[in-house]
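Written below as structure tokens is the structure these notes are about.
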């Protein structure tokens, strides 16, 4: 059900804002850099509520005085919302959306509708994540437990002149609680449904007058949200469970009042089964009317008529092979939260994340020098039954040969101070990083793949099940073999041979079954250095001009070596490839023969790759910057106008599928194909007008924004492979070439220099404290995040991939136009002995959006509302507390991301509506969490 009108009415009443942290006392610049205390109870809500001290500009300032769009969430707000990682920010920051897919290392963060799909580690995120000043390689790292934090700052828009690593859409800056020279600590225990057990604690205090320590730890264990209906041969009975621990130790050394060192070391370990998915859509659609082929060879459904078949033959093939899921018919049973796994396969993986950093702050008198040196390692397993059914079509075995691993060294240095009688606040800095990414893959075609693929092809000839035999060579019954012979005439021996080699059988070999990668390796090495400056000129007491600039140089090197056992693919290429270039072969026969080759060699899976040594490299430099003019006409009102140019480096698609282009699977590949895996840098020009009003007990922030992205990096999974394209607009009309179903049309004959994605809209933020101990916040974001028309796939004007024909002129995926967040917290005194209560509720209401990069209508998520609540009693100074809580109170069933279920059909209802024919693709979805509830006991001392 659409909720746009409802959301707008709520926004009009509430006016808006993300839930902010409690008021912080004034801090020095040095204190702000290491974080303020979070071991003591959060500050009482008062008439300064919502005006937290932040360091978003690397200066210690109240939020209402910062002329940029930033939301700040403190420890108590995150705790009340039930959050232990950055996903909880969804409830508190309306412009932010965080979701995860095939594994939690694949998380994606989006700000104002813009972000990067996280499944392909070759792409850096458009939204950067920093923890204690240290850049984290990908968004998924932030899904670890955070321990005790001081605050989280969400900066919206391009970032680069203040933080070491640049980001094109925004930045999440997490500041954890630092050591203190007064003894204190906390402990808490939680028990909830799904047998959830969570223990957390921290302690801090002095070792000497100059040295303080802090130690935080978290342990979580919980049953999975999915039930496995067929656990066997070691396969787990529950999926999407929690089994993790986290520890962080810190030392703060202050030898003098002007010099401090903060040493942090942390280790996180997860051994969890993640992530399962259920079927989301399984209807077959078809065009009931005939359509003429167009002059350019494309097809058009003139009347856009679409009908639904009573059954989907892809489902029938799977059911005949013994599939428990998908269910028979057209109803998928998405939210029964049951999964069927191939016996012996698993989603169990181990993720380890650890590292250390040293921050030094030295007050030189006229300036302060800050240095942050860090090294981190991250390794996440990638085993999984990735066909999401108990029929073995494809999987990654848990043999240690499926993982992604990052080694990252970073060094940041900043020098900042003031000059000309404090008329100028200046900052200069430098940044260096060296990152090594290693992806090892063992994805194989499963034991049932060959028969399934052949049956799928036979269905394209006729959906008469009598022609198929899952256990016979070529998936052909005697009647089916006769039908193929009659349909292809003199080509029948070649076609039958191709189908037989696909399935294998007596005298035919093993077919395309249990073959594929066995430790194939992709490597991407990145070296980055940058120089940046950020300067605030106080022209008058009320007018300031901020100018910032950055130069970034990025160099990346790619290499790949393969160990692939698919020996059938080269044979198919040798026997069938020449027929595709023969003028004597009819186009209809070429389509079927091309299908045999595609399903035999999908993703360029071929033993011929083993002789290759793919290598490529590039280096690029970019100048970016920002300018902000701010004016305070009265002390309680700040207005500003800003411009920022942002940049995110290019890289390599760590999926070999694009090698050779659209027809790459039809012939052997060579080392010269490596350059096809490269994608270009993403750039953005961003404009913003804003105002911040703060008076006693009330604050209101308003921002209007427009961001124009060129070469936007889009990562799309099409059911078998990942496709990466740089979205950019063409200066001349493509005459529909970007919306047809032909790969060769849509070349830009003008200049490919127009924005490919434009995000524009309005953000409203409000906080109100009508009485002591009661605070209400609300937030509204309207983000019109549109993809350009006359769209091409890179700055050279290459045609858009036909699978993306729905994109031109549409709203970007995972970009709801309307989001409203609200929260209310009441902490009344209970008697006169220091006891207090807690009544807390928050909500997030979202309008409809599509979760798939290709915008297939089957991937749509309708608008919905989420509500969290917490009720508690606290002793004096929070020495003890008991809280009863619920997440997703009304048990709203919704998805995070829907996707083409691997190999299981092709074509959506949108393909049928536009081009006719038949669409029988199955779609699965990663579900969001159901309702959870429990009780928490905690103590602070």
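Residue numbers (our numbering): 173 to 1113. Just so you know, even glycine gets a beta-carbon here, dropped at the ideal spot from N, CA and C. These numbers were taken from a predicted model, which means no experiment stands behind them.
Reduced DSSP category for residue i - H, G, I as helix; E, B as strand; rest coil
i	result
residue 750	helix
residue 266	coil
residue 697	strand
residue 719	strand
residue 220	With a pLDDT of 49 at residue 220, under the threshold of 50, the predicted position of this residue should be treated as unreliable, and no value is reported.
residue 951	strand
residue 713	coil
residue 175	A caution first: residue 175 carries a pLDDT of 45, below 50, which makes its placement in the model too unreliable to give a value.
residue 1049	helix
residue 1030	helix
residue 278	helix
residue 197	In this predicted model, residue 197 has a pLDDT of only 32, less than 50, meaning its place in the structure is not dependable; the value taken from the coordinates is given anyway. Three-state DSSP puts residue 197 in coil, outside helix and strand.
residue 670	helix
residue 248	helix
residue 762	helix
residue 932	strand
Nearest residue (CA-CA) to residue i, options the options
i	options	result
residue 1100	1065, 1075, 1071 and 1112	1065
residue 258	282, 239 and 240	282
residue 548	571, 578 and 569	578
residue 430	379, 748 and 536	536
residue 1102	1111, 1086 and 1062	1062
residue 1113	1095, 1068 and 1052	1052
residue 818	850, 857 and 552	857
residue 822	318, 812, 851 and 795	851
residue 854	884, 846 and 267	884
residue 906	900, 899, 915 and 920	920
residue 958	1011, 980, 550 and 699	980
residue 1116	318, 454 and 529	For residue 1116 there is no data in the structure shown, the boundaries of the chain being 173 and 1113.
residue 235	873, 955, 289 and 771	873
residue 910	971, 398, 880 and 1031	971
Cβ separation of residue i and residue j, assumed to be a contact under 8 Å, to the nearest whole Å
i	j	result
residue 768	residue 629	6 Å
residue 1081	residue 457	4 Å
residue 620	residue 571	Contact flag wrong, Cβ pair sits at about 20 Å.
residue 412	residue 437	That belief does not hold up - the Cβ atoms of residue 412 and residue 437 are roughly 30 Å apart, past 8 Å.
residue 849	residue 734	Not confirmed; about 13 Å, so no contact.
residue 523	residue 552	4 Å
residue 675	residue 646	6 Å
residue 941	residue 986	About 34 Å; that fails the 8 Å criterion.
residue 529	residue 304	6 Å
residue 965	residue 1033	Incorrect: roughly 26 Å between the Cβ atoms, too far for contact.
residue 1104	residue 1068	The Cβ separation is near 16 Å, so there is no contact.
Beta carbon of residue i nearer than 8 Å to that of residue j
i	j	result
residue 1109	residue 361	yes
residue 278	residue 255	no
residue 1019	residue 1035	yes
residue 358	residue 394	no
residue 1083	residue 486	no
residue 913	residue 829	no
residue 1015	residue 991	no
residue 824	residue 697	no
residue 594	residue 706	no
residue 722	residue 345	no
residue 508	residue 1012	no
residue 584	residue 544	yes
residue 993	residue 263	yes
residue 684	residue 757	no
Examine the Cβ distances between the segment 893 to 902 and the segment 346 to 360 and report whether three or more of them are shorter than 8 Å.
-> no
Contact between the segment 931 to 943 and the segment 974 to 982 (3+ Cβ pairs under 8 Å) | no
Cβ pair count under 8 Å reaching 3, the segment 527 to 540 against the segment 447 to 455 | no
State whether the segment 594 to 605 contacts the segment 633 to 643, with contact taken as three or more CB pairs (one from each stretch) at a distance under 8 Å.
-> no
Does the pairing of the segment 925 to 933 with the segment 861 to 868 give three or more beta-carbon distances under 8 Å?
-> no
Do the segment 470 to 482 and the segment 544 to 563 touch if we need at least three Cβ pairs shorter than 8 Å?
-> no
Should the segment 1025 to 1035 be called in touch with the segment 310 to 330, which here means at least 3 C-beta pairs below 8 Å?
-> no
Okay, do the segment 382 to 392 and the segment 410 to 426 touch, 3+ Cβ pairs below 8 Å being the bar?
-> yes
Evaluate contact between the segment 996 to 1005 and the segment 944 to 958, counting only Cβ atoms and requiring at least three cross-stretch pairs below 8 Å.
-> yes
Three or more beta-carbon pairs under 8 Å between the segment 647 to 666 and the segment 735 to 755, yes or no?
-> yes
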